[in-house]
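A short worksheet on the structure shown next.
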Amino acid sequence: MTSDYVNATGLSSVAWLLLALPLAGAAILLIGGSALDRIGHLLATLMVVIAFGIGLALFFQLDARGTHLQLFDWIPSGDLDIGFGLQLDPLSLTFVLLITGVGALIHVYSIGYMAHDPERRKFFAYLNLFVAAMLLLVLGDGFVTLYAGWEGVGLASYLLIGFWSDRPSAATAAKKAFVMNRVGDVGLALAIFLMFREFGTTSYAGVFSQLGDASSGTITTLALLLLLGACGKSGQVPLQAWLPDAMEGPTPVSALIHAATMVTAGVYLIARSAPLYDLTPDGQLVVCIVGAVTLMLGSIAGCAKDDIKKVLAYSTVSQIGYMFLAVGLGSGVYGLAIVHLLTHGFFKAALFLGAGSVMHAMNDDVDMRRMGGLARRLPITFGVMMCGYLAIIGFPFLSGFYSKDPIIEAAFAAGGTKGWVLGGAALLAAGLTAFYMSRMMIMTFFGDARWKELRSADGREYHPHESPPVMTIPMILLAVGALGAGAFLAIGHRYVEYVAPVVGAFTEEHGPLSALAITVLTLVLVAIGVVAAFLLFGRRSVPVTAPAHVSPLVRWARADVGGNAVNETLVARPGIWLTRMSVYTDAKGIDGAVGGLAAGLGALSNGWKRWQNGFVRSYALSMMAGAVVLVLALIVVRYS
């Protein structure tokens with residue numbers, strides 16, 4: 009793997025502009041105030057488009073050994089000396105192109121989607137901030153720099169998910185995302201502290217070059233702590249519950265978080281730490297288990313949701329599970345995970361922006377049970393979502409077919425019981441994905457136009473209409489990527505060989521089933537999922553209200569497969585009771601003791617005060633009482 013990065017010269021010496029442009033856009037829009045309301049969205053979009061252009065130029069001029077750009081000394085303190093540098097290599101530049109490319113299209117789409125929002129300038133400022141933080145995360149040359157971007161992404165997501173703060177549900181979702189991400193961030197922070205203690209440095213090059221001197225316990229501990237951080241950012245078990253709730257933000261935010269930025273951070277962290285994970289089979293196994301469990305739970309939950317955005321949210325949880333499964337399989341499979349991450353970026357962005365276009369046509373309604381028959385009314389949106397749908401279910405020769413099926417093959421190739429369990433989970437999830445995505449398409453675009461007999465929550469009639477070109481053109485471009493990106497990246501192992509200098513060479517392993525057999529099995533399960541969705545929702549009328557009497561499995565799926573219940577049982581309720589006990593102990597124990605002592609001294613002093621009344625008889629009585637006490641004491645001492 010590449011470790012001898014060359015110093016930046018020429019074009020690569022201005023790579024800092026990748027960070028500076030969107031960051032400047034955010035600062036200008038926030039400081040400039042309402043004077044920039046008319047041009048703020050254009051300025052923000054231009055910043056990301058230029059950043060994409062720079063990233064593209066750097067991509068074509070990248071030195072095969074990778075390039076390092078040292079900008080300044082950042083944290084010089086005693087033995088801790090952390091510089092601020094950027095690292096340009098195949099992995100970081102891949103993410104740069106994804107973030108700025110898909111991000112730029114989402115910016116353009118947002119111009120139309122947020123056209124009537126009075127806070128549009130602020131929204132675009134937050135989008136720029138999000139892009140800048142994510143670029144810092146992937147371009148930094150060490151774990152501390154990554155952590156700075158990591159926290160910046162968390163802040164930006166909090167601001168964007170809760171952008172419509174007058175909605176209590178949005179404010180709650182933003183707080184939930186913020187808190188659950190902090191849980192994961194603790195793991196990443198502890199890993200960085202441990203790195204400094206063990207290696208005296210936190211830079212990638214410094215840490216990876218000393219891994220051979222560390223104990224297996226230290227390496228496994230580091231792997232698990234990094235995994236905790238990755239689970240928080242990428243919505244993986246047990247920290248997945250925030251991701252579906254994040255749909256409360258504007259739809260372009262959902263597209264940006266799910267396709268190009270936040271949820272990919274965990275996959276990037278593990279892929280960037282490949283030299284560490286390659287040394288710990290136990291750590292890799294835990295990553296695989298987390299991925300497999302997550303992709304199953306996400307698929308099951310997606311089958312029972314009626315909110316079109318939440319169906320897509322759970323599909324993200326599930327697809328990121330595939331990526332975690334792949335990066336956990338170790339050397340040679342990291343590249344497959346990144347290929348799926350890239351194709352997912354295209355088809356998931358297309359699906360989310362398509363869902364936003366549906367909402368735009370349906371008075372912001374998200375309940376698919378109130379839709380139906382929209383294919384004729386929204387032909388472009390339908391075409392875009394159909395492309396994304398076919399890509400995600402792995403229709404032959406489309407993106408998911410080239411990026412997801414190799415992961416299933418790699419899972420079976422893990423060998424033994426591990427291979428059968430992981431491969432079986434990946435295979436079954438492919439069928440479930442086909443089912444819930446087909447259900448979404450049927451309920452939204454086919455069947456009876458149920459919306460004709462209904463009114464939206466604010467009393468308006470539905471008049472579905474296609475979105476303006478500023479929204480549909482980005483959608484079409486993403487749909488093209490959803491169709492063709494998989495073949496471009498995967499045929500001939502083009503991408504896995506490109507990224508091999510960073511994450512290791514790809515070695516095709518052979519499992520108990522041939523690649524052809526796995527492909528056939530996958531397609532059969534996908535077909536079963538599609539047919540089952542058609543029989544249940546295509547041939548029957550869809551009730552406007554979800555049936556109340558359903559099987560326990562459906563109730564479990566509707567309840568987010570227990571994600572919120574587990575968090576509430578294991579974390580929230582114990583936390584509430586601990587808080588109440590602390591408050592009670594403070595009020596009745598500490599404050600009570602202090603208050604009781606003060607009250608006792610006050611009562612005693614009041615009692616003594618009554619003796620000081622100026623009457624001789626009182627003082628004589630005091631003297632007699634004292635004498636009696638003294639005599640009694642002498643008697644006790646004498647005869648004891």
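The letter at position 325 of the sequence shown is residue 333 when you use our numbering, and the numbering goes up by one with no holes. Each residue gets a CB set at the ideal place from its N, CA and C atoms; glycine is no exception.
For residue i, report the span of its beta strand (DSSP E) as first-last.
i            : result
aspartate 89 : 88 to 96
Kindly indicate which residue of the options has the alpha-carbon position closest to the one of residue i.
i             : options                        : result
serine 224    : Gly237, Ala282, Asp290         : Asp290
leucine 247   : Met203, Lys184, Phe216, Ser217 : Lys184
valine 295    : Gln327, Gly74, Leu333, Arg129  : Leu333
lysine 318    : Ala357, Asp253, Arg378, Gln327 : Asp253
threonine 53  : Asp81, Arg547, Phe80, Val110   : Val110
valine 534    : Asp594, Ala399, Ala222         : Ala399
histidine 501 : Ala222, Leu38, Tyr342          : Tyr342
arginine 458  : Gln292, Gly380, Gly597         : Gly380
leucine 146   : Leu96, Leu605, Arg384, Ala369  : Reading off the sequence, residue 146 comes out as valine, not leucine. The residue with the shortest Cα to Cα distance from valine 146 is Leu96.
alanine 495   : Ile297, Val347, Phe207         : Val347
histidine 49  : Arg128, Ala437, Ala345         : Arg128
threonine 553 : Leu430, Asp314, Lys426         : Asp314
proline 551   : Phe355, Met376, Asp87, Thr259  : Met376
serine 262    : Ser648, Ser118, Asp413, Val574 : Ser118
glycine 61    : Leu19, Ala35, Gly33            : Leu19
glycine 439   : Leu531, Ser475, Thr389, Cys395 : Leu531
threonine 389 : Val152, Val488, Gly362         : Gly362
leucine 386   : Met367, Glu159, Phe403         : Met367
How long is the line joining the alpha carbons of residue i and residue j, rounded to whole angstroms?
i                 : j                 : result
leucine 276       : valine 510        : Leucine is not the amino acid found at residue 276; the sequence shown has tyrosine there. Going by the C-alpha atoms only, they are around 12 Å apart.
valine 644        : alanine 635       : 14 Å
glycine 329       : serine 323        : 10 Å
leucine 320       : histidine 473     : 22 Å
leucine 94        : tryptophan 24     : 8 Å
serine 165        : methionine 122    : 17 Å
alanine 650       : valine 639        : This structure leaves residue 650 out entirely; the chain is present only between 9 and 648.
phenylalanine 103 : valine 271        : 12 Å
glycine 694       : phenylalanine 204 : There is no way to answer for residue 694, as the model of the chain reaches only from 9 to 648.
alanine 565       : cysteine 239      : 21 Å
alanine 231       : arginine 190      : 18 Å
isoleucine 526    : glycine 340       : 19 Å
threonine 10      : threonine 587     : Confidence at threonine 10 is low in this model, with a pLDDT of 47, below 50, so its placement is unreliable and no value can be given for it.
isoleucine 83     : glutamate 505     : 36 Å
leucine 642       : glycine 600       : 38 Å
Please confirm whether residue i has its beta-carbon closer than 8 Å to some beta-carbon of chain B.
i             : result
methionine 55 : No chain B is present in this structure, which holds just one protein chain.
When DSSP labels each residue in this structure, what does residue i get in the three-state scheme?
i              : result
methionine 9   : With a pLDDT of 47 at methionine 9, under the threshold of 50, the modelled position of this residue cannot be trusted, and the question is left open.
tryptophan 250 : helix
aspartate 125  : coil
aspartate 375  : strand
serine 262     : helix
glycine 423    : coil
valine 645     : helix
arginine 548   : coil
glutamate 469  : strand
arginine 463   : strand
methionine 370 : coil
serine 339     : coil
methionine 270 : coil
glycine 111    : helix
proline 476    : coil
leucine 430    : helix
proline 555    : coil
glutamine 69   : helix
glycine 162    : helix
histidine 352  : helix
Between which two residues does the alpha helix (DSSP H) harbouring residue i extend?
i              : result
glutamine 292  : 289 to 310
threonine 226  : 224 to 242
methionine 393 : 387 to 400
alanine 185    : 176 to 207
alanine 595    : First-last for alanine 595: undefined, no H or E at that position.
leucine 36     : Strictly speaking, residue 36 in this sequence is isoleucine, with leucine absent from that position. Start and end: 25 to 40.
arginine 566   : 560 to 566
alanine 575    : Position check: residue 575 holds asparagine in this sequence, whereas alanine was assumed. Here the alpha helix (DSSP H) through asparagine 575 covers 571 to 575.
threonine 530  : 523 to 541
Tell me, which residues are paired with residue i by DSSP?
i             : result
histidine 76  : Asn15, Gln95
serine 85     : Leu88
glycine 148   : Leu94
aspartate 315 : Asp375
serine 407    : Beta-bridge pairing links serine 407 to no other residue.
serine 211    : Gly150
Beta carbon of residue i: closer than 7 Å to some heavy atom of the ligand GTP?
i              : result
methionine 376 : Absent from the structure shown: the ligand GTP. Ligands present: none.
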